[in-house]
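Chains as they are written, first to last, in this note's numbering: chain B, 1 to 107; chain G, 108 to 214. Just so it is clear, CB atoms sit at the ideal spot from N, CA and C, and this is done for glycine as well.
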DNA sequence: GACGCATACTTCGTCACTCGATATATGCTG
DNA sequence: CAGCATATATCGAGTGACGAAGTATGCGTC
C-alpha cells in the first residue's frame, strides 16, 4: 500500500476515539493537530466516500437532527490497521532526517 | 506551507548527505527507506524541476560521462529547513496515533 | 425581523502531482 | 548479441486536494 495523504490520515486518526459525523471530524482533526490541520469540506466528503468504499471506515448510524441528516462514521479494523501502519511509516521516515537523540522526550 | 509528498520528502532527504544526480537519488531513497521507497523516473525528474524552481534544491554541477550529461543537485538552506520541518510534522502526526512511550529508543 | 454566524452536507471545477510507458544512449556481462 | 544497469527526458492518464457555491436550520443581536 502506498503512502496515505495527510487529510486521509487525520480523518482516520479522528475516528480512533469513536464515531463522529463529517463536520465533527473537521473539528477533531484541527484539535488533534493543534490547529495545524484544517480539512477542507470538499476534501472531507470526497475522502469519506473513498474511505468507505475502501472499507477503512463504515457508516455507523444516521441521525436526523433538526430535519437534517447527520451521518456518523466508524473506523474499521482495516482502517485502524492502516493508520497505525502509516503512523509507523511516518515515524520511520521522520527518523531518517532527525537522526540524533531518538529518545528525545517532547511530550 | 502544506505537507510534502513522500517522493519530495525522500528526494530532499537523499540530498542531505551531499549532492547527487537524478538516478543516484532514486538509489539513495531506496537505500534510506530500507527498500520501501522506489521513486518512479517520471516522478523524479518532474519533482526535481519543481524543487529547483521553488529554490529547495539547486544544480550543483553538470558532468559529461561517456558523452551523456549527469546533473548533480544540492539541497539549499531552504530545502534543508523544509525537510527538517516536515520531519517534525510527521513525527508529531505519528505521535497522535502511536501515543504511548514517546521516548522509545529504536535505533 | 433582518443579518450574520455556526452547524451540516453536497457537488463542481481546477490544479497539482504521481507514475507507468516510451524514447534515447552507452557499457558491461552472459 | 541480448539483456540489464546506468542516466535522462517527456507525455498522458488518473487520483486526489481544495476552494467555492449551493442548500438548510437555529441562535444571538442590532
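How should residue i be labelled, buried or exposed, when 16 other C-beta atoms within 10 angstroms of its C-beta is the threshold for buried?
i: residue 38 of chain B; result: exposed
i: residue 160 of chain G; result: exposed
i: residue 196 of chain G; result: buried
i: residue 147 of chain G; result: exposed
i: residue 62 of chain B; result: exposed
Return the bridge partner residues of residue i from the DSSP annotation.
i: residue 65 of chain B; result: B/68
i: residue 165 of chain G; result: G/181
i: residue 20 of chain B; result: B/73
Where residue i and residue j are concerned, what is the direct C-alpha to C-alpha distance, given to the nearest angstrom?
i: residue 9 of chain B; j: residue 97 of chain B; result: 21 Å
i: residue 229 of chain G; j: residue 95 of chain B; result: No information on residue 229 of chain G is available, as it lies outside the stretch 108 to 214 that chain G covers here.
i: residue 42 of chain B; j: residue 23 of chain B; result: 12 Å
i: residue 34 of chain B; j: residue 20 of chain B; result: 19 Å
i: residue 16 of chain B; j: residue 111 of chain G; result: 24 Å
i: residue 30 of chain B; j: residue 36 of chain B; result: 6 Å
i: residue 194 of chain G; j: residue 72 of chain B; result: 33 Å
i: residue 113 of chain G; j: residue 200 of chain G; result: 14 Å
i: residue 78 of chain B; j: residue 18 of chain B; result: 15 Å
i: residue 109 of chain G; j: residue 2 of chain B; result: 19 Å
i: residue 91 of chain B; j: residue 198 of chain G; result: 5 Å
i: residue 214 of chain G; j: residue 206 of chain G; result: Residue confidence is low: residue 214 of chain G scores 49 on pLDDT, short of 50, so the model does not pin down where it sits. Its coordinate-derived value is still stated next. Going by the C-alpha atoms only, they are around 19 Å apart.
Under 7 Å Cβ to Cβ from residue i, same chain only, skipping five residues before and after it: list those, please.
i: residue 13 of chain B; result: 32 and 83
i: residue 183 of chain G; result: 162, 163, 164 and 165
i: residue 135 of chain G; result: 121 and 127
i: residue 60 of chain B; result: 19, 72, 73 and 74
Can you list, in chain order, the residues of its chain with a C-beta nearer than 8 Å to that of residue i? Leave out the 5 residues immediately preceding and following it.
i: residue 26 of chain B; result: 38, 39, 41 and 44
i: residue 11 of chain B; result: 25, 29, 39, 44, 47, 48, 51 and 57
| Three or more C-beta pairs below 8 Å linking the segment 72 to 85 of chain B and the segment 171 to 190 of chain G | no
| message | If contact is defined by three or more beta carbon pairs under 8 Å, each pair taking one atom from either stretch, is the segment 173 to 186 of chain G in contact with the segment 61 to 81 of chain B? | response | no
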